[in-house]
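Per UniProt numbering, the sequence shown runs over residues 1 to 299. Just below is one structure, and these are the notes that go with it.
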Amino acid sequence: MQFFVLIARHGSLAAAARAIDLTPPAATKRLAALESRLGVRLLNRTKRSLSLTSEGETYLLHATRILADVRDMEDVVAQGRAVPRGLLRVNATLGFGRTVLAPLVSAFAARYPEVEVLMEVTDRHIDIVESGFDLAIRFGTLPDKRLNARRILSNRRFLCASPTYLERHGAPATLAELARHRCIIHRQNDDAYGIWRFLHGEHSEVVKVHGALSSNDGDIVLGWALDGHGILIRSEWDLAKYLDSGRLRVVLPEFTLPAADLFVYYPDRRNLPVRARVFIDFLAEHFSAGEKEKRRGKA
1 MQFFVLIARH
11 GSLAAAARAI
21 DLTPPAATKR
31 LAALESRLGV
41 RLLNRTKRSL
51 SLTSEGETYL
61 LHATRILADV
71 RDMEDVVAQG
81 RAVPRGLLRV
91 NATLGFGRTV
101 LAPLVSAFAA
111 RYPEVEVLME
121 VTDRHIDIVE
131 SGFDLAIRFG
141 TLPDKRLNAR
151 RILSNRRFLC
161 ASPTYLERHG
171 APATLAELAR
181 HRCIIHRQND
191 DAYGIWRFLH
201 GEHSEVVKVH
211 GALSSNDGDI
221 VLGWALDGHG
231 ILIRSEWDLA
241 KYLDSGRLRV
251 VLPEFTLPAA
261 DLFVYYPDRR
271 NLPVRARVFI
281 DFLAEHFSAG
291 EKEKRRGKA
(Lines of atoms letter the chains of each structure in order from A and count residues from 1; the text may use other names and numbers.)
(Lines give C-alpha, C1' and ligand atoms only; values in the text may rest on other atoms or scores of the structure.)
Protein backbone atom coordinates (compact mmCIF):
# COMPACT_ATOMS: atom_id res chain seq x y z
CA MET A 1 0.00 0.00 0.00
CA GLN A 2 2.81 2.42 0.84
CA PHE A 3 4.43 1.65 -2.52
CA PHE A 4 1.22 2.37 -4.44
CA VAL A 5 0.55 5.60 -2.51
CA LEU A 6 4.07 6.74 -3.43
CA ILE A 7 3.42 6.04 -7.11
CA ALA A 8 0.21 8.08 -7.00
CA ARG A 9 1.85 10.93 -5.09
CA HIS A 10 4.88 11.19 -7.39
CA GLY A 11 2.94 10.42 -10.57
CA SER A 12 5.85 8.26 -11.65
CA LEU A 13 6.83 4.64 -11.10
CA ALA A 14 10.52 5.53 -11.39
CA ALA A 15 10.24 8.30 -8.77
CA ALA A 16 8.43 5.97 -6.37
CA ALA A 17 11.16 3.36 -6.92
CA ARG A 18 13.87 5.91 -6.07
CA ALA A 19 12.00 6.94 -2.92
CA ILE A 20 12.24 3.42 -1.50
CA ASP A 21 15.57 2.50 -3.09
CA LEU A 22 14.23 0.01 -5.66
CA THR A 23 15.49 -0.50 -9.19
CA PRO A 24 12.93 0.34 -11.93
CA PRO A 25 12.61 -3.34 -12.98
CA ALA A 26 11.99 -4.36 -9.35
CA ALA A 27 9.35 -1.64 -9.00
CA THR A 28 7.62 -2.78 -12.19
CA LYS A 29 7.65 -6.36 -10.93
CA ARG A 30 6.20 -5.29 -7.56
CA LEU A 31 3.38 -3.38 -9.24
CA ALA A 32 2.64 -6.29 -11.55
CA ALA A 33 2.48 -8.66 -8.55
CA LEU A 34 0.04 -6.30 -6.78
CA GLU A 35 -2.22 -6.05 -9.82
CA SER A 36 -2.05 -9.83 -10.35
CA ARG A 37 -3.03 -10.51 -6.75
CA LEU A 38 -5.98 -8.11 -6.96
CA GLY A 39 -6.98 -9.29 -10.44
CA VAL A 40 -7.39 -5.71 -11.73
CA ARG A 41 -5.28 -3.04 -13.41
CA LEU A 42 -4.54 -0.12 -11.08
CA LEU A 43 -2.63 2.13 -13.47
CA ASN A 44 -2.83 3.20 -17.09
CA ARG A 45 0.75 3.58 -18.30
CA THR A 46 2.34 4.93 -21.46
CA LYS A 47 5.91 5.98 -22.14
CA ARG A 48 5.07 9.58 -21.18
CA SER A 49 2.24 9.44 -18.69
CA LEU A 50 0.71 7.51 -15.83
CA SER A 51 -2.86 7.69 -14.54
CA LEU A 52 -5.00 5.78 -12.09
CA THR A 53 -7.78 3.50 -13.25
CA SER A 54 -11.08 3.69 -11.38
CA GLU A 55 -9.93 0.64 -9.41
CA GLY A 56 -6.65 2.42 -8.73
CA GLU A 57 -8.52 5.46 -7.39
CA THR A 58 -10.49 3.22 -5.04
CA TYR A 59 -7.36 1.40 -3.91
CA LEU A 60 -5.55 4.69 -3.27
CA LEU A 61 -8.45 6.09 -1.25
CA HIS A 62 -8.61 3.07 1.07
CA ALA A 63 -4.84 2.57 1.24
CA THR A 64 -4.29 6.19 2.33
CA ARG A 65 -6.84 5.84 5.12
CA ILE A 66 -5.55 2.44 6.25
CA LEU A 67 -1.95 3.66 6.42
CA ALA A 68 -3.07 6.71 8.42
CA ASP A 69 -4.93 4.40 10.82
CA VAL A 70 -1.82 2.22 11.18
CA ARG A 71 0.24 5.30 12.05
CA ASP A 72 -2.40 6.32 14.60
CA MET A 73 -2.35 2.84 16.13
CA GLU A 74 1.42 2.90 16.48
CA ASP A 75 1.26 6.37 18.04
CA VAL A 76 -1.33 5.25 20.58
CA VAL A 77 0.76 2.23 21.52
CA ALA A 78 3.95 4.29 21.70
CA GLN A 79 2.60 7.52 23.17
CA GLY A 80 4.18 6.81 26.54
CA ARG A 81 7.65 7.06 25.05
CA ALA A 82 9.51 10.19 26.05
CA VAL A 83 11.10 10.83 22.65
CA PRO A 84 8.90 11.67 19.61
CA ARG A 85 9.82 9.63 16.56
CA GLY A 86 8.50 8.51 13.20
CA LEU A 87 7.48 10.19 9.94
CA LEU A 88 5.73 13.58 10.03
CA ARG A 89 4.14 14.72 6.76
CA VAL A 90 3.76 18.52 6.52
CA ASN A 91 2.23 20.64 3.76
CA ALA A 92 2.75 24.42 3.45
CA THR A 93 2.39 27.24 0.95
CA LEU A 94 5.28 27.69 -1.44
CA GLY A 95 6.81 31.04 -0.44
CA PHE A 96 6.17 30.75 3.29
CA GLY A 97 7.32 27.15 3.32
CA ARG A 98 10.58 27.98 1.57
CA THR A 99 11.56 31.15 3.42
CA VAL A 100 10.11 30.69 6.92
CA LEU A 101 9.06 27.13 7.59
CA ALA A 102 12.10 25.35 6.14
CA PRO A 103 14.52 26.97 8.65
CA LEU A 104 12.09 26.12 11.47
CA VAL A 105 11.96 22.49 10.33
CA SER A 106 15.76 22.50 10.42
CA ALA A 107 15.71 23.71 14.04
CA PHE A 108 12.97 21.20 14.91
CA ALA A 109 15.03 18.35 13.40
CA ALA A 110 17.98 19.34 15.56
CA ARG A 111 15.80 19.23 18.69
CA TYR A 112 13.98 16.00 17.74
CA PRO A 113 16.44 13.93 15.67
CA GLU A 114 14.24 10.81 15.72
CA VAL A 115 11.39 12.56 13.87
CA GLU A 116 11.60 12.29 10.08
CA VAL A 117 9.95 15.29 8.40
CA LEU A 118 8.58 15.17 4.86
CA MET A 119 7.62 18.72 3.84
CA GLU A 120 5.81 19.45 0.59
CA VAL A 121 5.12 23.01 -0.54
CA THR A 122 2.38 24.03 -2.94
CA ASP A 123 0.00 26.95 -3.35
CA ARG A 124 -2.86 24.83 -4.70
CA HIS A 125 -5.52 23.46 -2.37
CA ILE A 126 -4.56 20.15 -0.79
CA ASP A 127 -6.96 17.69 0.81
CA ILE A 128 -4.69 16.68 3.67
CA VAL A 129 -6.98 13.84 4.74
CA GLU A 130 -6.97 12.12 1.36
CA SER A 131 -3.32 13.01 0.68
CA GLY A 132 -2.11 11.52 3.94
CA PHE A 133 -0.57 14.67 5.44
CA ASP A 134 -0.41 15.03 9.20
CA LEU A 135 -0.43 18.85 9.16
CA ALA A 136 -0.99 21.79 6.82
CA ILE A 137 0.23 25.32 7.57
CA ARG A 138 -1.89 27.96 5.88
CA PHE A 139 -2.80 31.65 6.13
CA GLY A 140 -6.55 32.10 6.51
CA THR A 141 -9.31 29.65 7.29
CA LEU A 142 -10.03 26.49 5.32
CA PRO A 143 -13.67 25.51 4.69
CA ASP A 144 -13.19 21.87 5.71
CA LYS A 145 -15.12 20.64 8.72
CA ARG A 146 -13.04 17.46 8.87
CA LEU A 147 -10.07 19.48 10.12
CA ASN A 148 -9.08 20.95 13.44
CA ALA A 149 -7.10 24.18 13.52
CA ARG A 150 -4.78 25.98 15.89
CA ARG A 151 -3.97 29.64 15.30
CA ILE A 152 -0.29 30.31 15.79
CA LEU A 153 -0.03 33.88 14.50
CA SER A 154 -2.43 36.85 14.29
CA ASN A 155 -1.94 38.55 10.96
CA ARG A 156 -3.88 41.63 9.82
CA ARG A 157 -4.12 42.74 6.18
CA PHE A 158 -3.70 46.26 4.83
CA LEU A 159 -4.03 48.32 1.69
CA CYS A 160 -0.65 49.80 0.85
CA ALA A 161 1.32 51.60 -1.85
CA SER A 162 4.77 53.09 -2.30
CA PRO A 163 5.40 56.80 -1.67
CA THR A 164 6.36 57.10 -5.36
CA TYR A 165 2.95 55.88 -6.50
CA LEU A 166 1.07 58.05 -4.00
CA GLU A 167 3.00 61.17 -5.01
CA ARG A 168 2.23 60.49 -8.67
CA HIS A 169 -1.43 59.48 -8.39
CA GLY A 170 -2.52 60.71 -4.96
CA ALA A 171 -3.98 58.65 -2.14
CA PRO A 172 -7.61 57.50 -2.36
CA ALA A 173 -9.85 59.18 0.21
CA THR A 174 -12.72 56.69 -0.14
CA LEU A 175 -13.17 53.09 -1.21
CA ALA A 176 -15.02 54.26 -4.32
CA GLU A 177 -11.87 56.08 -5.46
CA LEU A 178 -10.01 52.76 -5.67
CA ALA A 179 -11.85 52.14 -8.97
CA ARG A 180 -9.81 54.88 -10.69
CA HIS A 181 -6.46 53.75 -9.23
CA ARG A 182 -4.02 51.18 -10.51
CA CYS A 183 -4.43 48.16 -8.24
CA ILE A 184 -2.11 45.16 -8.15
CA ILE A 185 -4.12 41.98 -7.87
CA HIS A 186 -2.96 38.88 -6.05
CA ARG A 187 -4.83 35.92 -7.55
CA GLN A 188 -5.47 33.36 -4.80
CA ASN A 189 -7.26 30.04 -5.08
CA ASP A 190 -10.83 30.58 -6.29
CA ASP A 191 -11.22 34.18 -5.10
CA ALA A 192 -13.22 36.35 -7.49
CA TYR A 193 -10.81 38.34 -9.64
CA GLY A 194 -10.39 41.97 -8.58
CA ILE A 195 -13.03 41.84 -5.82
CA TRP A 196 -11.84 43.43 -2.56
CA ARG A 197 -13.95 43.16 0.60
CA PHE A 198 -13.75 45.65 3.48
CA LEU A 199 -15.27 46.19 6.90
CA HIS A 200 -16.05 49.65 8.26
CA GLY A 201 -17.65 49.57 11.68
CA GLU A 202 -20.56 47.14 11.42
CA HIS A 203 -20.88 47.49 7.64
CA SER A 204 -19.17 45.51 4.89
CA GLU A 205 -18.37 46.89 1.46
CA VAL A 206 -17.24 45.25 -1.77
CA VAL A 207 -15.14 47.07 -4.34
CA LYS A 208 -14.29 46.00 -7.89
CA VAL A 209 -10.74 47.11 -8.71
CA HIS A 210 -8.67 47.12 -11.88
CA GLY A 211 -4.99 47.08 -12.70
CA ALA A 212 -2.43 46.16 -15.30
CA LEU A 213 -0.52 43.72 -13.09
CA SER A 214 -1.64 40.53 -11.37
CA SER A 215 0.00 37.31 -10.23
CA ASN A 216 -0.66 34.25 -8.09
CA ASP A 217 2.69 34.77 -6.34
CA GLY A 218 2.70 37.02 -3.27
CA ASP A 219 6.38 37.97 -3.52
CA ILE A 220 5.93 39.07 -7.13
CA VAL A 221 3.00 41.39 -6.42
CA LEU A 222 4.77 42.82 -3.38
CA GLY A 223 7.79 43.62 -5.55
CA TRP A 224 5.57 45.44 -8.03
CA ALA A 225 4.09 47.55 -5.24
CA LEU A 226 7.59 48.44 -4.02
CA ASP A 227 8.43 49.50 -7.59
CA GLY A 228 5.52 51.97 -7.53
CA HIS A 229 3.08 50.21 -9.86
CA GLY A 230 -0.04 50.50 -7.72
CA ILE A 231 -2.06 49.75 -4.60
CA LEU A 232 -1.90 46.28 -3.10
CA ILE A 233 -3.47 44.20 -0.32
CA ARG A 234 -0.89 42.33 1.73
CA SER A 235 -0.65 40.96 5.24
CA GLU A 236 1.14 42.52 8.18
CA TRP A 237 3.59 39.60 8.13
CA ASP A 238 4.80 40.58 4.64
CA LEU A 239 4.59 44.35 5.06
CA ALA A 240 6.08 45.02 8.50
CA LYS A 241 9.65 45.82 7.46
CA TYR A 242 8.56 47.95 4.49
CA LEU A 243 6.09 49.95 6.56
CA ASP A 244 8.75 50.52 9.23
CA SER A 245 11.28 51.69 6.63
CA GLY A 246 8.75 53.89 4.80
CA ARG A 247 9.07 52.04 1.48
CA LEU A 248 5.32 51.36 1.69
CA ARG A 249 2.50 53.33 3.30
CA VAL A 250 -0.90 52.18 4.51
CA VAL A 251 -3.85 53.47 2.47
CA LEU A 252 -7.38 53.96 3.90
CA PRO A 253 -6.41 52.64 7.37
CA GLU A 254 -9.95 53.21 8.71
CA PHE A 255 -11.21 50.27 6.62
CA THR A 256 -10.54 46.76 7.88
CA LEU A 257 -9.78 43.77 5.67
CA PRO A 258 -10.42 40.13 6.60
CA ALA A 259 -7.43 38.84 8.57
CA ALA A 260 -4.94 36.32 7.23
CA ASP A 261 -4.05 34.60 10.51
CA LEU A 262 -1.65 31.67 10.35
CA PHE A 263 -3.14 28.30 11.26
CA VAL A 264 -1.93 24.75 11.61
CA TYR A 265 -4.60 22.37 10.31
CA TYR A 266 -4.73 18.69 11.14
CA PRO A 267 -7.20 15.85 10.62
CA ASP A 268 -9.94 15.46 13.18
CA ARG A 269 -8.53 12.42 14.97
CA ARG A 270 -8.74 11.65 18.64
CA ASN A 271 -5.11 10.61 18.85
CA LEU A 272 -2.93 13.24 17.24
CA PRO A 273 0.57 11.75 16.85
CA VAL A 274 3.06 12.83 19.50
CA ARG A 275 5.44 14.04 16.80
CA ALA A 276 2.67 16.24 15.37
CA ARG A 277 1.79 17.69 18.77
CA VAL A 278 5.39 18.63 19.55
CA PHE A 279 5.79 20.16 16.08
CA ILE A 280 2.68 22.33 16.54
CA ASP A 281 3.90 23.39 19.99
CA PHE A 282 7.32 24.16 18.50
CA LEU A 283 5.79 26.47 15.87
CA ALA A 284 3.52 28.16 18.43
CA GLU A 285 6.49 28.75 20.72
CA HIS A 286 8.50 30.33 17.89
CA PHE A 287 5.78 32.70 16.71
CA SER A 288 4.74 33.62 20.25
CA ALA A 289 8.33 34.60 21.02
CA GLY A 290 8.41 36.69 17.83
CA GLU A 291 5.21 38.51 18.79
CA LYS A 292 6.55 39.32 22.26
CA GLU A 293 9.80 40.63 20.82
CA LYS A 294 7.89 42.81 18.33
CA ARG A 295 5.75 44.29 21.11
CA ARG A 296 8.85 45.05 23.18
CA GLY A 297 10.37 46.77 20.16
CA LYS A 298 7.35 49.06 19.84
CA ALA A 299 7.26 49.89 23.55
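The C-beta atom is built at its ideal place from N, Cα and C for all residues, glycine as well. All figures in this text were calculated on a predicted structure; none of them were measured in a lab.
The alpha carbon of A276 has as its nearest neighbour, out of L87, P258, R45 and R30, the alpha carbon of L87. Our two residues, R168 and L104, have alpha carbons roughly 41 Å apart in a direct line. Under the three-state reduction of DSSP, H169 is assigned to helix.
When Cβ pairs closer than 8 Å are counted between the two stretches, the stretch 175 to 187 is seen to touch the stretch 206 to 216, the count reaching three or more. Ranking G218, L252 and V40 by CA distance to the CA of E177 puts L252 first. Counted as a single uninterrupted DSSP element, the stretch harbouring Y242 is not any beta strand (DSSP E) but the alpha helix (DSSP H) occupying residues E236 to S245. Note on L38: under 16 other CB atoms within 10 angstroms of its CB, so exposed under the neighbour-count rule.
The UniProt domain "HTH lysR-type" (1 to 53) contains, as complete beta strand (DSSP E) runs of 3+ residues, the segments 43 to 45 and 50 to 52 (chain order). For P267, the three-state secondary structure derived from DSSP is strand.
Straight across, the Cα-Cα distance linking G218 with I126 is about 19 Å. With 16 or more neighbouring CB atoms inside 10 Å of its own CB, I233 falls in the buried class. In the three-state reduction of the DSSP assignment, G86 falls in the strand class, which pools E and B.
The three-state secondary structure of S131, taken from DSSP, is helix. With 16 or more neighbouring CB atoms inside 10 Å of its own CB, P84 falls in the buried class.
Of all alpha-carbon atoms in Y193, G140 and A32, the one lying nearest the alpha-carbon of W237 is that of G140. In the three-state DSSP reduction, R138 falls in the strand class (E or B). Note on geometry: alpha-carbon atoms of S154 and A260 lie some 8 Å from one another.
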